[in-house]
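Under numbering that gives the first Met the number 0, think of the first position of the sequence shown as 0, with each following residue one higher. One structure below.
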Amino acid sequence: MKSAFFFFLAGLFLGLAPAGVADEIGDLIGTLNRADGVSRQISRKTSDPFSTSQCSPDGGATATAAENFSQRETTIFEHRGLDVKMTVLTKEEAQKIFDDVVQPKTRKMELRDFRQCKQRAEKLAYEMHEKGIQSGKFFVTRRMGTLSVNSKALEPYFDGVPYHVSNVVAVKGDDGKPEMYVMDPFLFPNGPVPKKEFEKVFPTGLLQSVDLGREYSYDISERFDASTSYRRKDLAETNSVLDGHYVTDSPVRRVMSVSEREEYLRRRAEELKH
Numbered sequence: 000m001k002s003a004f005f006f007f008l009a010g011l012f013l014g015l016a017p018a019g020v021a022d023e024i025g026d027l028i029g030t031l032n033r034a035d036g037v038s039r040q041i042s043r044k045t046s047d048p049f050s051t052s053q054c055s056p057d058g059g060a061t062a063t064a065a066e067n068f069s070q071r072e073t074t075i076f077e078h079r080g081l082d083v084k085m086t087v088l089t090k091e092e093a094q095k096i097f098d099d100v101v102q103p104k105t106r107k108m109e110l111r112d113f114r115q116c117k118q119r120a121e122k123l124a125y126e127m128h129e130k131g132i133q134s135g136k137f138f139v140t141r142r143m144g145t146l147s148v149n150s151k152a153l154e155p156y157f158d159g160v161p162y163h164v165s166n167v168v169a170v171k172g173d174d175g176k177p178e179m180y181v182m183d184p185f186l187f188p189n190g191p192v193p194k195k196e197f198e199k200v201f202p203t204g205l206l207q208s209v210d211l212g213r214e215y216s217y218d219i220s221e222r223f224d225a226s227t228s229y230r231r232k233d234l235a236e237t238n239s240v241l242d243g244h245y246v247t248d249s250p251v252r253r254v255m256s257v258s259e260r261e262e263y264l265r266r267r268a269e270e271l272k273h
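Quick look at the structure:
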C-alpha cells in the first residue's frame, strides 16, 4: 500500500515538476524496477503540441510517436543547391490532412492578422511532422516594395505585405510521378493545389521570387537553411503567438471579421472557378 501511494505521489509530482526534477524521479523509478523486477511506469502527458520534450538536445524537435507515414515513399526536390525531402502522398491523403487540420469546420482556426503566416506554416508543418510526413515551405519575397498578386480578391489583403509563407507537400500525380502541391487556406480555401496554381497567384521575375525551403525553415531569412530539425525557439514562438490555435492566415494589418472573411471567400471562390 505504501509503495502504491508513493508511486501515486511520484506520478502526480512528475507531471508538475520541472523537467530536470521529473527526470530524476524517472531515474529513481527505473532503479527500483531493476531492484525488485517490478515494471512500473509513470507517464508524463502534456497538452502543449510544441512541448520541449519533443526537442533534441541541440534545441531541435525530433520525430516522435504517431509516425503513420514514416515508412512511406519519399522524394527529393532540389532548389538552389538545397535538397528538400518530402513524403509522397496521394491526392486523397493530402486533402484529408487539409480538412482535418486547417478547415474552419474543424474549429481549430481563429481569424488572425497578416504577421502570422509563418506561424501558421510552422504549426501545419509540425503537425504533419508528428504524423511522419516530411514536407516543405514556399517563401515568396519581393526585393522592392510589397508582394504582387494576380488576384482582385487577394490584392487588398497583400497591400503592404513584404513576404508570404505557404506549406508544400509532395503528391503523386496522374502519371505516377511526385509533384509539389501547396496547402494554404487563405489562398486556396478548398484544399491543396498544384504548384502551377500557386505560381499564377505570385508572378515571379526580376523583383519577386518563390523559393523552396525545408519544413524546419521558419523565417524568411532561414529559407535556404539546411537544418534537419525544428528549432525550440521557433516552436515556442509559434505556440505563444497562436495560443494553441490554427490560423486562417489573413494577411491584413488587423484581424478579419467573420463577415469580411465570408465575403472574401465568396469572391475568391468565384475567381477559382475560372
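Glycine included, every Cβ here is placed at the ideal spot set by N, Cα and C.
Determine the direct distance from the alpha carbon of residue 122 to that of residue 181, and round the result to whole angstroms. Their backbone Cα atoms lie some 15 Å apart in a straight line.
Do three or more CB pairs link the region 184-197 to the region 261-273 at distances below 8 Å? Result yes; three or more Cβ-Cβ pairs closer than 8 Å.
Measuring only the C-alpha atoms, how far is residue 43 from residue 233? Because the pLDDT of residue 43 is 34, which lies under 50, any placement of that residue in the model is unreliable, and the number read from its coordinates should be weighed accordingly. About 23 Å.
On the three-state DSSP scale, how would you describe residue 95? Looking at residue 95 - three-state DSSP - the assignment turns out to be helix.
Under 6 Å Cβ to Cβ from residue 258, same chain only, skipping five residues before and after it: list those, please. For residue 258, where only same-chain residues beyond five positions count, there are no Cβ hits under 6 Å.
Buried or exposed (CB count within 10 angstroms, at least 16 for buried), residue 205: Residue 205 comes out exposed.
Closest residue to residue 89 among 81, 168 and 208 (Cα-Cα distance): Distances from the CA of residue 89 to each of 81, 168 and 208 were compared; the closest alpha carbon is that of 168.
Kindly indicate which three-state DSSP category residue 164 falls into: helix, strand or coil? Looking at residue 164 - three-state DSSP - the assignment turns out to be strand.
Would DSSP call residue 258 helix, strand or coil? Collapsing the DSSP output to three states places residue 258 in a helix.
Presumed contact (8 Å Cβ cut-off) between residue 200 and residue 115, rounded CB distance: About 19 Å separates the two Cβ atoms, so there is no contact after all.
Chain-order list of residues whose beta-carbon lies under 7 Å from that of residue 87 (same chain, five-residue window excluded): If we look at residue 87 and ignore the five residues flanking it on each side, its Cβ neighbours are 71, 72, 73, 74, 169, 171 and 177.
Rounded to the nearest angstrom, how far is the Cβ of residue 208 from that of residue 140, given a contact under 8 Å? In this structure, residue 208 and residue 140 form a Cβ contact; the two beta carbons are roughly 6 Å apart against a cut-off of 8 Å.
Just the Cα atoms here: how many angstroms apart are residue 273 and residue 124? Distance between the alpha carbons of residue 273 and residue 124 is about 30 Å.
Residue 230 versus residue 164 - alpha carbon distance: Taking the straight line from one Cα to the other gives about 17 Å.
Residues in its own chain within less than 6 Å of residue 67 by CB, not counting five upstream and five downstream? Excluding residues within five positions, the ones whose Cβ falls inside 6 Å are 130 and 131.
Delimiting residues of the beta strand (DSSP E) encompassing residue 84: For residue 84, the enclosing beta strand (DSSP E) stretches over residues 81-88.
Just list the residues that DSSP pairs residue 152 with in beta bridges. Its beta-bridge partners do not exist; DSSP assigns none.
Which value, in whole angstroms, describes the spacing of the CA atoms of residue 212 and residue 261? Approximately 32 Å between the Cα atoms of the pair.
Given residue 93 as reference, the closest of 191, 126, 150 and 174 once Cα atoms are compared: Closest in C-alpha terms to residue 93, from the list 191, 126, 150 and 174, comes 191.
Report all residues from its chain with a CB closer than 8 Å to the CB of residue 57; omit the five preceding and five following residues, and keep chain order. Since pLDDT at residue 57 reaches only 42, below the 50 mark, its modelled position is unreliable, and no value is offered.
I need the boundaries of the alpha helix (DSSP H) containing residue 233, first residue and last residue. That run of the alpha helix (DSSP H) goes 231-241.
For residue 148 and residue 284, believed in contact at Cβ under 8 Å, the rounded distance: Because the chain in this structure spans residues 0 to 273, residue 284 falls outside the shown range and cannot be described.
For residue 145, count neighbouring C-beta atoms within 10 Å of its own C-beta (all shown protein chains included) and say buried if the count is 16 or more, exposed if not. When all chains shown are included, residue 145 counts as exposed.
Take residue 126 and list the residues in its own chain whose beta-carbon comes closer than 7 Å to its own, dropping the five residues that flank it on each side. Around residue 126: 100.
Identify whether residue 195 lies in helix, strand or coil by the three-state DSSP scheme. Note: residue 195 maps to helix in three-state DSSP.
Determine, using beta carbons only, whether residue 167 comes closer than 8 Å to chain C. Considering every chain present, this structure includes no chain C. It has just one protein chain.
Whole-angstrom Cβ separation of residue 214 and residue 118, contact assumed at under 8 Å? Wrong, their Cβ atoms sit about 14 Å apart, outside the cutoff.
Give every residue of the same chain whose Cβ lies closer than 7 Å to the Cβ of residue 222, excluding the five residues on either side of it in the sequence, and list them in chain order. Counting only Cβ-Cβ distances below 7 Å, and skipping sequence neighbours, we find 138, 210, 212 and 216.
Residue span of the beta strand (DSSP E) that contains residue 180, given as start and end: In this chain, the beta strand (DSSP E) harbouring residue 180 covers 177-182.
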